[in-house]
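Which chain is which? The protein sequence lines are D and A, in order. Take 35 as the starting number for the first sequence in this note's numbering and just add one per residue. Take 4 as the starting number for the second sequence in this note's numbering and just add one per residue. First the structure, in the form of structure tokens, and then the observations on it.
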Amino acid sequence: GAVVSQHPSWVICKSGTSVKIECRSLDFQATTMFWYRQFPKQSLMLMATSNEGSKATYEQGVEKDKFLINHASLTLSTLTVTSAHPEDSSFYICSATSNPGGRRSEQYFGPGTRLTVT
Amino acid sequence: RKEVEQDPGPFNVPEGATVAFNCTYSNSASQSFFWYRQDCRKEPKLLMSVYSSGNEDGRFTAQLNRASQYISLLIRDSKLSDSATYLCVVNTGFQKLVFGTGTRLLVSP
């Protein structure tokens, strides 16, 4: 199956700093990438949908100025958490698909990035 | 009301048992349906897609009832390695996936 990587796998940062998370599709071209967040004992929540070469579409309640998404190529999307606060501590997971309009096409998930803000 | 609802469990079963999970979804326009498995502190992995006709993959059987907006997963002959959280996932359109909170399964020797 298709492989999606994320970097870093975990990061600890101080409150007020910014953190960049990378999501890469290693063996396919991802026209669309998705960013999710999962708090402990909760479900994955979609934060934004990122299409290569265009602005990301954010879900309701997600601040686009705080969570900057860039999808500059068909294999790379980045999520930057700006001015991080302890409440941003979470498990951030990306996924990618090469067929966003397909009803049954699969999303391939990255291994996730665990962010802890102190 | 949550878009996708699951019983969080945990379901504690002995090895070899049969266990069933249920899930309901609220968006009647949902297009496709899946069960994912998530191990602790890991990303979700696709277990199987769910079709109205029902589908089986080894010890796993999934069923969809569109009229009732209800999805089920049956695991037969449970193994220790089946211990995980099972996520009911609905595609509401254009690959937008909505995840349930998951049902935790613990299989004991």
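Ideal Cβ positions, reconstructed from N, Cα and C, are used throughout, including at glycine. Computed from a prediction, not measured in an experiment: that's the story for all the values here.
* Asked: Just curious, the beta strand (DSSP E) that A/D60 is in, first and last residue?
  -> N58 to D60
* To do: Quick one: grab the DSSP three-state call for D/E86.
  => coil
* **Residues near A/N58 in its chain [Cβ-Cβ closer than 6 Å; skip 5 each side]** => A65
* Nonlocal neighbours in the same chain, by C-beta distance under 7 Å from A/T27, ignoring five residues either side -> E8, Q72 and Y73
* Asked: Straight-line CA distance for A/G105 to A/S35?
  -> 18 Å
* Contact between the stretch 50-66 of chain D and the stretch 141-152 of chain D: three or more CB pairs below 8 Å? -> yes
* Asked: For the beta strand (DSSP E) that A/R107 lies in, which residues bound it at each end?
  -> T106 to S111
* Can you name the start and end residues of the beta strand (DSSP E) that D/R58 belongs to? -> V53 to S59
* Take A/P112 and list the residues in its own chain whose beta-carbon comes closer than 7 Å to its own, dropping the five residues that flank it on each side. => E18 and L83
* To do: Would you identify the three-state DSSP class for A/L83, choosing helix, strand or coil?
  => helix
* Anticipated Cβ contact below 8 Å, A/F37 with A/V53, distance rounded -> 6 Å
* **Distance, A/C91 Cα to A/G61 Cα** => 19 Å
* Asked: What is the C-beta distance between D/T152 and D/K48, in whole angstroms, given that I count them as a contact (C-beta under 8 Å)?
  -> 6 Å
* Asked: Of all the CB atoms in chain A, is at least one closer than 9 Å to the CB of D/R137?
  -> Confidence is the limiting factor: at D/R137 the pLDDT is only 49, short of 50, which leaves the residue's position unreliable, though a coordinate-based value still follows. Answer yes: the Cβ-Cβ gap between D/R137 and chain A drops below 9 Å somewhere.
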